[in-house]
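Only one structure is covered here, and it is reproduced in the block below.
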Amino acid sequence: MSLREQLRVMVVDDMSTSRGLITQALDSIGIRNVATAADGKAALQSLLRSPVHLVVSDYNMPEMDGLHLLHYLRKTPQTAKVGFLLVTGRAEPAIIDKGRQLGMNNYLKKPFQTAELKSAIEAIVGRL
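For what it's worth, this note's numbering labels the leading residue of the sequence shown as 586, then goes sequentially.
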């Protein structure tokens with residue numbers, strides 16, 4: 586079984602359209618074991634019950650943004666080693682630097698092409 590068939594991914598985005606676009610891109614790459622969450626708090630609860638290999642999270646979300654989610658993931662033993670890909674329309678140096686300090690594995694600027702998403706994921710998990 587290939588890595589893309591085994592990989593468990595959670596997509597976190599408050600916009601259902603964005604979640605759908607990311608999920609479709611993952612599907613076209615061959616990654617089909619995908620869970621979704623509409624915000625950071627729901628994602629955390631789900632991840633504690635059912636861990637994944639990789640979280641693909643939007644940055645700008647109400648209540649708990651992507652960097653706060655990353656902070657909690659890294660603080661929690663069950664999720665501390667989960668791969669984290671931040672997807673943002675605001676790839677400002679301050680945001681990216683803060684993400685790196687918190688343990689972000691990679692980031693991707695919106696809008697993106699499927700090939701760019703695949704490359705960003707492969708930089709974290711290896712060749713798909």
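The beta carbon of each residue, even a glycine, is placed where N, CA and C say it ideally should be.
**Own chain partners of residue 598 with C-beta closer than 6 angstroms, once the 5 adjacent residues on each side are dropped** = Only 604, 643 meet the Cβ criterion.
**Asked** residue 600 bridges to which residues according to DSSP?
**Response** None; residue 600 has no bridge partner.
**Message:** Can you check which of these residues, 595, 704, 707, 657, is closest to residue 684 by C-alpha distance?
**Reply:** When 595, 704, 707, 657 are compared, the shortest CA-CA separation from residue 684 is found for 657.
**Request:** Please classify residue 617: does DSSP put it in a helix, a strand, or coil?
**Result:** DSSP places residue 617 in coil when its eight states are reduced to three.
**Asked** What is the DSSP secondary structure of residue 650, counted as helix, strand or coil?
**Response** The DSSP-derived three-state label of residue 650 is coil.
**Message:** Rounded to whole angstroms, what is the Cα-Cα separation between residue 726 and residue 593?
**Reply:** The question about residue 726 has no answer here: the residues shown for the chain are numbered 586 through 713.
**Item:** Cβ shell of residue 613 (< 7 angstroms), same chain only, five flanking positions each side left out
**Value:** Sequence-distant partners of residue 613 (beyond 5 residues in either direction) whose C-beta falls short of 7 angstroms from its own C-beta, in its chain, are 699.
**Item:** Residue environment, residue 628, which counts as buried when at least 16 other CB atoms sit within 10 Å
**Value:** Buried: at least 16 other Cβ atoms inside 10 Å.
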